[in-house]
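Structure, as structure tokens:
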Amino acid sequence: MPSEVRPRVLVVDDHLAMAEVLSEGLTDHGFDAVPLGSGKKAAALLGREPFDALVTDLRMPDVDGLALLTQSRRQAPERPVLIMTAHGAIDSAIESIRQGAAHYLTKPFKIEELVIFLRRALDEAKVRREASALRVTLREKNGRTGLIGQSPAMLALFELLDRVSGADVPLLIGGETGTGKSLFARVVHAEGLRAGGPFVAINCGALPEHLLESELFGHEKGAFTGATQARKGLVAEAHGGILFLDEIGDLPPALQVKLLHVLEEGVVRPVGSNRPQRVSVRIIAATHCDLREAVKAGRFREDLYYRLDVISVHLPALRHRREDIPILIGHFLHEHRVRHPQSPVQRVSPEVMQRLLDYEWPGNVRELSHVLERLVVLGRSEEVGVSDLPSTLRPSGTSTPFSLEGDILPIRLIQRRYAAWALSQVGGHRGQAAEKLGVDVKTLYNWLSEEKP
1 MPSEVRPRVL
11 VVDDHLAMAE
21 VLSEGLTDHG
31 FDAVPLGSGK
41 KAAALLGREP
51 FDALVTDLRM
61 PDVDGLALLT
71 QSRRQAPERP
81 VLIMTAHGAI
91 DSAIESIRQG
101 AAHYLTKPFK
111 IEELVIFLRR
121 ALDEAKVRRE
131 ASALRVTLRE
141 KNGRTGLIGQ
151 SPAMLALFEL
161 LDRVSGADVP
171 LLIGGETGTG
181 KSLFARVVHA
191 EGLRAGGPFV
201 AINCGALPEH
211 LLESELFGHE
221 KGAFTGATQA
231 RKGLVAEAHG
241 GILFLDEIGD
251 LPPALQVKLL
261 HVLEEGVVRP
271 VGSNRPQRVS
281 VRIIAATHCD
291 LREAVKAGRF
301 REDLYYRLDV
311 ISVHLPALRH
321 RREDIPILIG
331 HFLHEHRVRH
341 PQSPVQRVSP
351 EVMQRLLDYE
361 WPGNVRELSH
371 VLERLVVLGR
381 SEEVGVSDLP
391 STLRPSGTST
401 PFSLEGDILP
411 IRLIQRRYAA
421 WALSQVGGHR
431 GQAAEKLGVD
441 VKTLYNWLSE
451 EKP
């Protein structure tokens, strides 16, 4: 069996004996630690050799800890840096956090404290690297930019996408608002048989009926007041490609008949015209409501429903794939930093990450993207804290995970809330939270991963 790779850590203190003692302690805990007694020597070594982490004293006579932090972030942005400081230098230590240090420890401290924070920082750096690599993979794989996730629900969706894209039949996409129905439709177009044709989209609930009819099917000159010239409708514009009808459940009954005619006969008749126009178009429709219930209620034609429902896909709500949230956070932070390059925001704190994991996300992925854009635009430091969150995501002010008053809660929900509360009490450190709860870290992780009812 190959031996486990030990994380390589550079430990720097102008008192070499201190660096050596810390290095010995880290070595005993499974690290490959290298001690140095000079900031200048450390700067040179960082430029020559690879290290997984840097632990450095803040105040040193030649090259200080902040200078090493700056150099390390320039050379290896994902490498965690931990700062050691004396009581009198707390302000400078806090400044190091603003500049990207993973943590600071006030001397004297126990080696166990350093080990806990170092392991936590290395784990977070690993997650960021994996998320970055996954973003690249997803962008390169079939052009599926924006469809992000590695949960079982998303992997099944990717597999279905391969089959759906290759078909040339109507497609019905269901899912809550903000789950990415429009994005899914665009990926189907990009990977499908009609990729060389146009992709034309319209929201069926965005226009009144008389305007929607003209927009979809076109009109002849003089067909109605204000029709000063003939206009080709969106159905005709989508010839050879895809027509995406968002919120198809809002399509008025009279226009449902005309759309059915397009699906059955492949022809469109503009308003005010007796001449049908032949079109070749793939219809992709999307809805957040249950069309079967709409059919039963008489709001939607049954024959049109069955014509659209040749293939149906349901996009999962974000609360049903919580394991994708950290990856999505990394993706959206990167995306919004590109759009707002002046922002200093680089990451979210563990406490913020936990709140984002716990939130119900009624607006799904779209809401998550908007929240992260707000944090990027308004953020004033590299790490987003709980105080930066919008009011809906801030702590409620209570000091307990749940109340014993009111309805009886499912045990899995109690476990999840209690685990999240315990994490908030120890600054997001899962090892400490598990210890205080009397369980192992795997059990804590399972509690946090439980799907909410």
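When you line the sequence shown up against our numbering, it's residues 1 to 453, in that order.
The beta-carbon is built from N, C-alpha and C at its ideal position, and this holds for glycine as well.
Bounding residues of the beta strand (DSSP E) (the contiguous stretch that carries residue i)
i, result
"Asn203", "199-203"
"Met84", "81-85"
"Phe244", "242-246"
"His103", "103-106"
"Thr287", "282-287"
"His314", "311-314"
"Leu36", "32-36"
Among the options, nearest to residue i - alpha-carbon criterion
i, options, result
"His316", "His189, Val268, Gly175", "With the sequence shown as reference, residue 316 is identified as Pro, and His is not the correct amino acid for it. Checking every option, the nearest Cα to that of Pro316 belongs to Gly175."
"Ile283", "Gly241, Cys289, Val439, Pro50", "Gly241"
"Phe224", "Ala125, Ser273, His370", "Ser273"
"Met154", "Asp32, Gln346, Val313, Arg394", "Val313"
"Lys126", "Ala190, Leu437, Pro326, Leu193", "Pro326"
"Ile97", "Pro344, Phe184, Lys442, Ala419", "Pro344"
"Leu368", "Ala195, Ser349, Phe51, Leu328", "Leu328"
"Ser381", "Ala434, Glu20, Glu95", "Glu95"
"Ser72", "Arg129, Ala93, Gly100", "Gly100"
"Gln342", "Gly379, Ser165, Gly233, Lys296", "Gly379"
"Gly385", "Arg416, Gln346, Gly196, Asp123", "Gln346"
"His15", "Glu24, Ser38, Gly30, Ala76", "Ser38"
"Arg321", "His336, Asn364, Arg355, Pro350", "Asn364"
"Phe31", "Pro350, Ile111, Leu69", "Ile111"
"Glu383", "Glu20, Arg79, Val352, Gly298", "Val352"
"Lys41", "Val439, Leu10, Leu375, Ala294", "Leu10"
"Arg366", "Phe332, Pro395, Val348, Ser387", "Phe332"
"Arg163", "Glu191, Gly149, Ser182", "Glu191"
Simplified DSSP state of residue i, which is helix, strand or coil
i, result
"Thr443", "helix"
"Leu207", "coil"
"Gly175", "coil"
"Glu383", "strand"
"Pro326", "helix"
"Gln277", "strand"
"Asp57", "strand"
"Arg135", "For Arg135, the predicted structure reports a pLDDT of 48, less than 50, and the residue's modelled location is therefore unreliable. The matter cannot be settled from this model."
"Arg416", "helix"
"Leu147", "coil"
"Leu118", "helix"
"His219", "strand"
"Val365", "helix"
"Arg394", "coil"
"Val169", "coil"
"Glu435", "helix"
"Val268", "strand"
"Arg455", "Given that the chain is displayed from residue 1 to residue 453, the structure contains no residue 455 and the question cannot be resolved."
"Arg194", "coil"
"Arg231", "strand"
"Val5", "coil"
"Asp28", "helix"
"His320", "helix"
"His239", "coil"
Pair within 8 angstroms by beta-carbon distance, residue i and residue j
i, j, result
"Glu215", "Ala230", "no"
"Val279", "Val338", "no"
"Val377", "His334", "no"
"Ala67", "Val81", "no"
"Leu36", "Val63", "no"
"Val187", "Leu161", "yes"
"Phe217", "Pro253", "no"
"Gly249", "Thr287", "yes"
"Leu456", "Ala53", "Any answer about residue 456 is impossible in this case: the structure gives the chain only from 1 up to 453."
"Arg8", "Pro50", "yes"
"Leu260", "Asp309", "no"
"Asp324", "Ser151", "yes"
"Val318", "Arg355", "According to the sequence provided, residue 318 is Leu. The question's Val does not apply to it. Cβ distance not < 8 angstroms, so Leu318 and Arg355 don't count as in contact."
"Gln256", "Val267", "no"
"Arg374", "Pro362", "no"
"Leu212", "Gly180", "no"
"Pro170", "Leu291", "no"
Range covered by the alpha helix (DSSP H) that runs through residue i
i, result
"Val11", "First-last for Val11: 8-12, but that is the beta strand (DSSP E), not the alpha helix (DSSP H)."
"Leu66", "65-75"
"Val345", "Element bounds for Val345: n/a, residue is neither H nor E."
"Val258", "Note that residue 258 corresponds to Lys in the displayed sequence, not to Val. Element bounds for Lys258: 253-265."
"Val295", "291-296"
"His15", "Per DSSP, His15 belongs to no alpha helix (DSSP H) and is neither H nor E."
"Gln354", "350-358"
"Leu45", "39-48"
Margin query: Would the region 75-86 count as touching the region 54-61 if we require 3 or more Cβ pairs under 8 angstroms?
Written below: yes
Checklist line | Any 3 or more C-beta pairs closer than 8 angstroms across the region 201-208 and the region 163-178 | finding: no
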